[in-house]
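Participant: Supplied in structure tokens, the structure appears directly below.
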Amino acid sequence: MNLAPIAVALDAPDLETAARWATLVTPHVSTVKVGLELYLRYGPDVVASVRGATGVQVFLDLKLHDIPATVAGAARAVSRLKPAYLTVHAVGGASMIRAAAEAAPNTKIAAVTVLTSLAEDDLTSIGLSGPALDAVRRLSALAVGAGAQALVCSPMEAAAVRAEVGPDVTLITPGVRPRGAATQDQARVATPEEALASGADLLVIGRPITAAPDPGAAAADIAAALRRTSGSV
Ligand code: C5P
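For the sequence shown, our numbering begins at 154 and goes up steadily by one.
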């Protein structure tokens, strides 16, 4: 059975919970995502804990942003953990992104373009004037030109980003909610099927799976729905 193109966000309060969620979902999904909170609390060991004995891909969402030499050092430091993906902020610039890509050649550097938490007023106040989508497209092209093999964007932006960067870049989209699920603090959401249809390759899904009474069953349900829409039951 093909694993679903889902990265389950392991936003857990403690390591035991994260490891338990990972054990439950890895039979169904390709990837688990470790974010800043878990990584800063438990350090690099968190990766081995969530990977366990499985071959699940690890998405290390550390959103690096610093001078190129520092980001290169950080990317080199985590590359020994063999993450499939490592995030950096595209606004760190081309040299920084290139430094990360060269320092971690076996990891896909995933560039975050514009945080979806920023409204257009916020963008203007930090000097990014104009429509957010223009900045997203510009930063996407810059990041890919500098060696990023993946981009993080909203499902609403995926089609425009795909048109900008072509077919070979992995598009990763958070803000995904199965139909009828609670949106929590996500303002603009798409269903898993809509996100894939708009060009996403890997869907970041957290609470609809991890807050379910049975995270394994929730992951299996979404995976089955995606297989039905892609016609490969
Ligand atoms: O629980 P939920 O599905 O909302 O989790 C989404 C995950 O994706 C969280 O780990 C969140 O930090 C991350 N994320 C996001 N929106 C972005 C970038 C990352 O929701 N623009």
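Beta carbons are placed, not taken as given, at the ideal position from N, Cα and C, and that holds for glycine.
Since this is a predicted model, take the numbers as computed values, not measurements.
Please state whether DSSP places aspartate 287 in a helix, a strand or coil.
Facilitator: helix
Participant: With DSSP as the reference, please indicate the residues paired to leucine 304 in a beta bridge.
Facilitator: Ala264 and Leu324
Participant: Would you check whether the ligand C5P has a heavy atom nearer than 8 Å to the C-beta of serine 270?
Facilitator: yes
Participant: So, do the region 273-286 and the region 250-264 have three or more beta carbon pairs nearer to each other than 8 Å?
Facilitator: no
Participant: Using a 10 Å radius around the Cβ and a threshold of 16 neighbouring Cβ atoms, would you call methionine 309 buried or exposed?
Facilitator: buried
Participant: Is valine 241 near valine 267, with beta carbons less than 9 Å apart?
Facilitator: Contact: no.
Participant: Would you say the region 167-184 touches the region 201-210, given that touching needs at least three Cβ pairs under 8 Å?
Facilitator: yes
Participant: If we call anything under 9 Å between Cβ atoms a contact, is valine 297 one with leucine 286?
Facilitator: no
Participant: Indicate the three-state DSSP secondary structure (helix, strand or coil) for isoleucine 250 in the structure shown.
Facilitator: helix
Participant: Helix, strand or coil, according to DSSP, for isoleucine 362 in the structure here?
Facilitator: helix
Participant: For leucine 239, does the three-state DSSP call read helix, strand or coil?
Facilitator: strand
Participant: Using CA coordinates, which residue listed in Thr336, Ala272, Pro368 and Arg380 is at the minimum distance from leucine 349?
Facilitator: Arg380
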